[in-house]
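>
Numbering (the numbering used here), first residue to last: 598 to 882.
#1: Can we say the segment 675–684 touches the segment 642–658, given the rule of at least three CB pairs closer than 8 Å?
#2: For the structure I just gave you, are there three or more beta carbon pairs, one from the segment 739–748 and one from the segment 680–699, closer than 8 Å?
#3: Give the range of the alpha helix (DSSP H) segment to which residue 606 is assigned.
#4: Give the straight-line distance between the Cα atoms of residue 858 and residue 835, rounded to the nearest whole angstrom.
#5: Sorted by chain position, which residues of the same chain lie with C-beta nearer than 7 Å to residue 697's C-beta, five sequence neighbours on each side aside?
#6: Would you kindly check if the distance between the Cβ of residue 637 and the Cβ of residue 676 is under 9 Å?
#7: Should residue 670 and residue 714 be called a contact, given that it needs their Cβ atoms to be closer than 9 Å?
#8: What's the gap between the Cα of residue 752 and the Cα of residue 687?
#9: Taking the straight line between their C-alpha atoms, what separation do you get for residue 848 and residue 625?
#10: Under 8 Å Cβ to Cβ from residue 708, same chain only, skipping five residues before and after it: list those, please.
#11: Closest to residue 611 by C-alpha separation, out of 732, 702, 711, 639, would be which residue?
#12: Quick check on the DSSP output: the beta strand (DSSP E) that includes residue 648 runs from which residue to which?
#13: Count the other CB atoms within 10 Å of the CB of residue 865; is the residue buried (16 or more) or exposed (fewer)?
#14: In the DSSP assignment, what are the bridge partners of residue 625?
#15: According to DSSP, is residue 635 part of a helix, a strand, or is it coil?
#16: Can you give me the start and stop residues for the alpha helix (DSSP H) that residue 774 sits inside?
#17: Would you say the segment 718–738 touches the segment 763–782, given that touching needs at least three Cβ pairs under 8 Å?
#18: Which two residues bound the contiguous beta strand (DSSP E) that contains residue 679?
#19: Throw me the rounded Cβ distance for the residue 667 and residue 659 pair, which I believe falls under 8 Å.
#20: Quick one, are the C-beta atoms of residue 818 and residue 775 less than 9 Å apart?
#21: For residue 642, collect the residues of the same chain with a Cβ closer than 8 Å to its Cβ; drop the 5 residues on either side in sequence, then sort them by chain order.
#22: For residue 701 and residue 869, I'd like the C-alpha separation in whole angstroms.
#23: Assuming residue 660 is part of the beta strand (DSSP E), what are its boundary residues?
#24: With which residues is residue 713 paired in a DSSP beta bridge?
#25: Should the segment 784–797 be called in touch with the segment 821–830, which here means at least 3 C-beta pairs below 8 Å?
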């Protein structure tokens, strides 16, 4: 795929994102290499690498070059490196809902951790239409277009995309519940009540999945924080508040413990050296 066509997709997507309205996609970019560990993948997602390259897994078992796409299954977490080209790293992200996959024929056999391929002209045209359509379509219709992308990938020969999605586990359901309202800081009894479970049963079932309620809370809040650090230039303190943290320092400590870098360090990778120092200083408060 020619870079000019991918550049045009990026320009159109960024133009809409600058309007500040909710959209069914995101653009991630950096001018310096990013190394992030333990990135939670709560829902299946499409990643289209538009410039630079991406390495997923440890030690970089999946290579995603410019002009390629990958659809990741929902999984606890994955490590990644975003590597700029001579100019920058850019990727378009579309997060799917579990029900989006109902449009595909069921597939028997083992689950697929990912589906990878090239962004050909047909898929590129579909992505371009998806971006343009997003400027006026109501959110209630987003699912139909996400399904269109999945159906296209399926009919382009990637039939194993049907096996990418895994049924949402209890921890996925709890994560979604917490993500819907960070400010409430739901307690164990409230979460259990919404799931029609006793508190002890909730804890036992989560333990069977190898996770605790507090760990899910942290991943949900910090995962959202990671998204905001990567896609906005909001002050770190404001991002901490949006994620339900009263203390910026506690947010920063937790962020580094999970992702292996601080919000400010990650923010700097999105800006050239001088601008990065100035922006990081301004965004620290």
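Virtual Cβ for every residue (Gly too), placed ideally from N, Cα, C.
Taking the structure as given:
#1: yes
#2: yes
#3: Mapped onto the chain shown, residue 606 falls at position 9. Unbroken alpha helix (DSSP H) run through residue 606: 600–614.
#4: Taking the first residue of the chain shown as 1, we reach residue 858 at position 261. Taking the first residue of the chain shown as 1, we reach residue 835 at position 238. Computed Cα separation, rounded: 18 Å.
#5: Counted from its first residue, the chain shown places residue 697 at position 100. So the qualifying residues of the chain are 740, 743, 744, 747.
#6: By one-based count along the chain shown, residue 676 stands at place 79. By one-based count along the chain shown, residue 637 stands at place 40. Result no, Cβ atoms of residue 676 and residue 637 do not sit closer than 9 Å.
#7: Translated into positions along the chain shown, residue 670 becomes position 73. Translated into positions along the chain shown, residue 714 becomes position 117. Going by C-beta atoms, residue 670 is not nearer than 9 Å to residue 714.
#8: Locating residue 752 in the chain shown gives position 155, where the first residue counts as 1. Locating residue 687 in the chain shown gives position 90, where the first residue counts as 1. Computed Cα separation, rounded: 26 Å.
#9: Within the chain shown, the letter at position 251 stands for residue 848. Within the chain shown, the letter at position 28 stands for residue 625. Those two C-alpha atoms are separated by around 21 Å.
#10: For the purposes of this step, residue 708 is taken as the residue at position 111 of the chain shown. Excluding positions up to five away in sequence, the list reads 670, 760, 761, 763.
#11: Numbered from its first residue, the chain shown carries residue 611 at position 14. If we check each option's Cα against that of residue 611, 732 comes out closest.
#12: Numbered from its first residue, the chain shown carries residue 648 at position 51. First-last of the beta strand (DSSP E) with residue 648: 642–648.
#13: Taking the chain shown and counting its residues from 1, one reaches residue 865 at position 268. The residue is buried, with at least 16 neighbouring Cβ atoms inside 10 Å.
#14: The residue you call residue 625 lines up with position 28 of the chain shown. In the DSSP output, where bridge partners are listed per residue, residue 625 has 688.
#15: Counted from its first residue, the chain shown places residue 635 at position 38. DSSP places residue 635 in strand when its eight states are reduced to three.
#16: Working through the chain shown from its first residue, we reach residue 774 at position 177. Looking at the DSSP string, the run of the alpha helix (DSSP H) that includes residue 774 is 767–776.
#17: no
#18: Position 82 of the chain shown, counted from the start, is the residue given in the question as residue 679. Residue 679 -> beta strand (DSSP E) spans 672–680.
#19: One-based indexing of the chain shown puts residue 667 at position 70. One-based indexing of the chain shown puts residue 659 at position 62. Right, their Cβ atoms sit about 7 Å apart.
#20: Translated into positions along the chain shown, residue 818 becomes position 221. Translated into positions along the chain shown, residue 775 becomes position 178. Yes, the pair counts as a contact, with Cβ atoms nearer than the cut-off.
#21: Within the chain shown, numbered from 1, the residue matching residue 642 stands at position 45. Result list for residue 642: 668, 669, 690, 691, 692, 693, in chain order.
#22: Looking up residue 701 in the chain shown gives position 104. Looking up residue 869 in the chain shown gives position 272. For residue 701 and residue 869, the distance between alpha carbons rounds to 43 Å.
#23: For the purposes of this step, residue 660 is identified with residue 63 of the chain shown, where counting begins at 1. Element bounds for residue 660: 659–662.
#24: Along the chain shown, one-based indexing puts residue 713 at 116. Paired residue(s): 667.
#25: no
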